[in-house]
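In what follows, a single structure is set out as C-alpha cells and then discussed.
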Amino acid sequence: MLEIKGLRKIYYGKLGGVEALNGADLTVGPGEIIGLFGENGAGKTTLLKSILGFQSYEGKVLLDGEKINRGNIGRLSFATCEHSFFPNLTPLSHREFYRMHFGTFRDKRFEALMDFFELPMRKVLKSYSTGQKNQFEVILALCQGADYILMDEPFAGNDIFNREDFYKVLLGILEPQETIILSTHLIEEVERFVGRAVLLRKGRIVGDVTTLELEEQGRSLKEYIMEIYGYRPDRVNKALGDLTDGGY
Amino acid sequence: MKEEKKGKGMGPALALWALLARSSIYKILAVLVLMVPAEVILFCRNIKTEYHTLTTTVESSHISVVFLTALGLVYFALVWTEGQLDSRSGGTMLRLRLSGSRIFWIKTAYNTACLVLLFAVQIWLCIWLVGVYGREAEEVYASPQRLFLAFYRIDFLHCLLPMAEAGKWVRNVLLLLSFGMEAARRAEKTEYIQPILLYVLTANWFVSLLGGNVIDWICIILYTVLIVVNVRQVREKEREEVQSNA
Chain A
1 MLEIKGLRKI
11 YYGKLGGVEA
21 LNGADLTVGP
31 GEIIGLFGEN
41 GAGKTTLLKS
51 ILGFQSYEGK
61 VLLDGEKINR
71 GNIGRLSFAT
81 CEHSFFPNLT
91 PLSHREFYRM
101 HFGTFRDKRF
111 EALMDFFELP
121 MRKVLKSYST
131 GQKNQFEVIL
141 ALCQGADYIL
151 MDEPFAGNDI
161 FNREDFYKVL
171 LGILEPQETI
181 ILSTHLIEEV
191 ERFVGRAVLL
201 RKGRIVGDVT
211 TLELEEQGRS
221 LKEYIMEIYG
231 YRPDRVNKAL
241 GDLTDGGY
Chain B
1001 MKEEKKGKGM
1011 GPALALWALL
1021 ARSSIYKILA
1031 VLVLMVPAEV
1041 ILFCRNIKTE
1051 YHTLTTTVES
1061 SHISVVFLTA
1071 LGLVYFALVW
1081 TEGQLDSRSG
1091 GTMLRLRLSG
1101 SRIFWIKTAY
1111 NTACLVLLFA
1121 VQIWLCIWLV
1131 GVYGREAEEV
1141 YASPQRLFLA
1151 FYRIDFLHCL
1161 LPMAEAGKWV
1171 RNVLLLLSFG
1181 MEAARRAEKT
1191 EYIQPILLYV
1201 LTANWFVSLL
1211 GGNVIDWICI
1221 ILYTVLIVVN
1231 VRQVREKERE
1241 EVQSNA
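Going down the list, the sequences are from chains A and B.
For the record, in the first sequence the residue sitting at position 150 is 150 according to the working numbering, with numbers rising by one throughout.
Every number in the working numbering is 1000 more than the matching position in the second sequence, counting from 1.
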C-alpha cells in the first residue's frame, strides 16, 4: 500500500515560492491502475517525483507503512518522457545493469517486449528515435520487477497506434500485485485502460473516482474531469464571437 | 553463505563501475591515442636538432604541454560524462540500492584509475622515448645511466615519477584523488569555475623544480582542502539521508 499524507512542496525562485503541491492525500492499493490527470503545472510530475524521493517535501510518503529509502525504493519504478535510461548504453547493457541492481528484474518480459516493439538490442540508446526511446523507457519500468510503476507522460511523441499497442500489452502482462500510476493528458485514450482517476488542480487532489463509479453514473471520464474543472465548452465560441465582434 | 552475501554486495558496485567505463572509456582512450603519437612526433623531430642532450630534447619537444593538455582533456571528459550521467539518468541513480556515499567512492575510484592510466602511459612513453634517444643520439650524449638520470635531471620526468622525493609522491597522489573526487561530485555542483581553476593551477604548477619547494606545498594544501571538503560534504549528505529515513 502506498500512502501519501499531506504532501506539500514549494519551489523557491527569485520571485518567491511557488506551491506545487498543497497537502495532497492519496492511498494506492496493490493492483490498481490509476490515471493522474491535471492541467500543466497542476503538480502531477511533482507528486511522482516526491513519491520517488527525488526532491524534498513536507508530509509523508509511506510504502507498506515504511518511509521510502534505499532499502525499498526498488519496489518503485519510473518512466518519464524526460527519459531516465543511460543514453550511452545498449538495451543489453541495461539488462545487465538492472539485473545487478534490481534482483526482481523480469528477463522474459524484457525480451518479449523488446521483440514486440522490434527494438534493436545492440544499438546504443542515444541513436534510437524519440518514439523508440519512449518505448524503451516504459519497457525498463515494466521489467524492473517493481510493485509500483510510476509513469509521467511516457508516450509523449509516440503515434496513436503505438500507444494503443502499449495499453493492450500493459493490460495483458500486468500481474495482480503490480500497480500503475500514469500521469497523462490523453484522457479519452486511457479511459478504458485505467481503473481509477485522480485529478490534480493547483497542487490539490480535487477528484478521485473509479471508472466503475463513472460507468454506474453513465458519465465518461472526460465529462467528469470537465465538471470538476468547471470547464465551459462554449467559452471558445464566446471568445471567437467576441474577437469577431471586435473587428477581427 | 558469507561469500554469497559479499558477491551480492559487489555486484551493484561492479555494475556501476562498468556503467562509468562504458560512458567514458572511449573518450579516455581517444585522448591517449592522440597523446602518444603527438609526443613521439614532437620528440623525434627534436632529437637531431642543434642541441642534442636529452634534457634539451625533452624540453624543446614540449611533451609536458601535450601531457598537461591530455590531463585536462581526460579530467574534463570525466567531469562532463559524469555530469551528463547524473543530469540525464539521475532518477535511475537515485533508485539504486547503493547509497550516495558508496556511489561517490565508486566514481572516485574509477576517475582516479583513469587518471592513473594516463600517468602510467605517460611514464611508459617517457621510458620508451629515452630509449629511442639512446639509439638515435650521438655517442657523446649517451650514458648507461641515462634512464635513471633522466628522471632526476629533467623536471617534467621527475614530476611524473618523483623517484625518492616523497613530497612529490604525496602531491601526485593527492592530485589524482582530488581530481577524481571533483569529477565524481560534478552532478551536485552547477558551476564550472572550481574544476577549471583546479586544472589551470595544476597545469601551471605541475612541472616544478627538483626537491621540495613552496609550489609543491601549496599544491598539497590545495588538494588536501578539496579532498577534505568533498568527503565532509558526502558524509553530511549521508547523515541527512539516514536521518530522513529514520
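All C-beta atoms in this analysis are idealised placements derived from N, C-alpha and C, irrespective of residue type, glycine included.
Predicted model, so just to flag it, every value in this text is computed and none were measured.
- A/LYS5 and A/LYS49 have their C-alpha atoms spaced approximately 15 angstroms apart.
- In the DSSP annotation of this structure, the continuous segment of the beta strand (DSSP E) that includes A/LYS60 starts and ends at 58–63.
- By the CB criterion at 7 angstroms, B/PHE1156 and B/SER1064 fall inside the cutoff.
- A/HIS94 and A/PHE86 have their C-alpha atoms some 8 angstroms from each other.
- The segment 192–212 of chain A makes no contact with the segment 146–155 of chain A: fewer than 3 CB pairs, one atom from each, lie closer than 8 angstroms.
- In the DSSP assignment, A/ASP152 is bridged to A/THR80, A/SER183.
- With a threshold of 7 angstroms between beta carbons, A/ASN40 makes no contact with chain B.
- Check the Cα spacing between A/GLY145 and each of A/GLY17, A/LEU243, A/ARG75, A/LEU36: the tightest is with A/ARG75.
- Going by C-alpha positions, A/ILE225 is about 57 angstroms away from B/VAL1031.
- Between B/CYS1114 and the set B/SER1099, B/GLY1131, B/GLY1072, B/ALA1137, the nearest pair of CA atoms involves B/GLY1072.
- A/ALA24 is bridged by DSSP to A/LEU7.
- The bridge partners DSSP lists for A/GLY13 are A/GLY16.
- Taking the beta carbon of A/MET100 as reference, the chain B residues within 8 angstroms of it are GLY1011, PRO1012, LEU1014, ALA1015, listed in sequence order.
- Across the structure, B/LEU1129 and B/VAL1173 are spaced so that their CA atoms are roughly 24 angstroms apart.
- The beta-carbon of A/ILE4 is placed no less than 7 angstroms from the nearest beta-carbon of chain B.
- Interface flag for A/ASN162 against chain B is unset, since no Cβ pair is found closer than 7 angstroms.
- Ranking B/PRO1144, B/ALA1015, B/THR1224 by CA distance to the CA of B/VAL1170 puts B/THR1224 first.
- For A/ASP208, no alpha helix (DSSP H) run applies; the uninterrupted beta strand (DSSP E) run containing it begins and ends at 204–210, by DSSP.
- Sequence-distant Cβ neighbours of A/ASP64 in its own chain, meaning closer than 7 angstroms and more than five residues away, are MET1.
- The residue from B/GLY1091, B/PHE1206, B/ALA1183, B/ARG1135 with its alpha-carbon nearest to that of B/ALA1077 is B/ALA1183.
- The C-beta separation of B/HIS1062 from B/ALA1137 comes to about 18 angstroms, leaving the pair out of contact by the 8 angstroms criterion.
- Per DSSP, reduced to three states, the secondary structure at B/ARG1095 is coil, with no helix or strand assignment.
- Here B/PHE1151 carries a helix assignment [DSSP, helix/strand/coil].
- Taking every protein chain shown into account, the CB of B/LYS1168 has 16 or more other CB atoms within 10 angstroms, so this residue is buried.
- Burial is judged here by how many other beta carbons sit within 10 angstroms of a residue's own beta carbon; A/LYS9 has at least 16 and is buried.
- For A/ILE34, the enclosing beta strand (DSSP E) begins and ends at 33–37.
- When the five nearest sequence neighbours on each side are left out, the beta carbons in the same chain lying within less than 6 angstroms of the beta carbon of A/LEU182 are those of GLY35, MET151, in order along the chain.
- Per DSSP, A/LEU125 is not a residue of any alpha helix (DSSP H), being assigned neither H nor E.
- The residue from A/PHE136, A/LYS168, A/ILE187, A/PHE78 with its alpha-carbon nearest to that of B/THR1092 is A/PHE78.
- The count of Cβ pairs closer than 8 angstroms, one atom from the segment 187–200 of chain A and one from the segment 39–57 of chain A, reaches three, so the stretches are in contact.
- Secondary structure note for A/ARG163: its alpha helix (DSSP H) is the uninterrupted segment 160–173.
- For the pair of segments examined, the segment 52–59 of chain A was found not to touch the segment 157–168 of chain A: the number of CB pairs separated by less than 8 angstroms stays below three.
- For B/VAL1058, no beta strand (DSSP E) run applies; the uninterrupted alpha helix (DSSP H) run containing it begins and ends at 1054–1061, by DSSP.
- Under a criterion of Cβ atoms nearer than 9 angstroms, the residues of chain B adjacent to A/ILE73 are, in order, LEU1094, ARG1095, LEU1096, ARG1097.
- With contacts defined by Cβ atoms closer than 7 angstroms, B/PRO1012 and B/ARG1097 form a contacting pair.
- Beta-bridge analysis with DSSP links A/GLU66 to A/LEU63.
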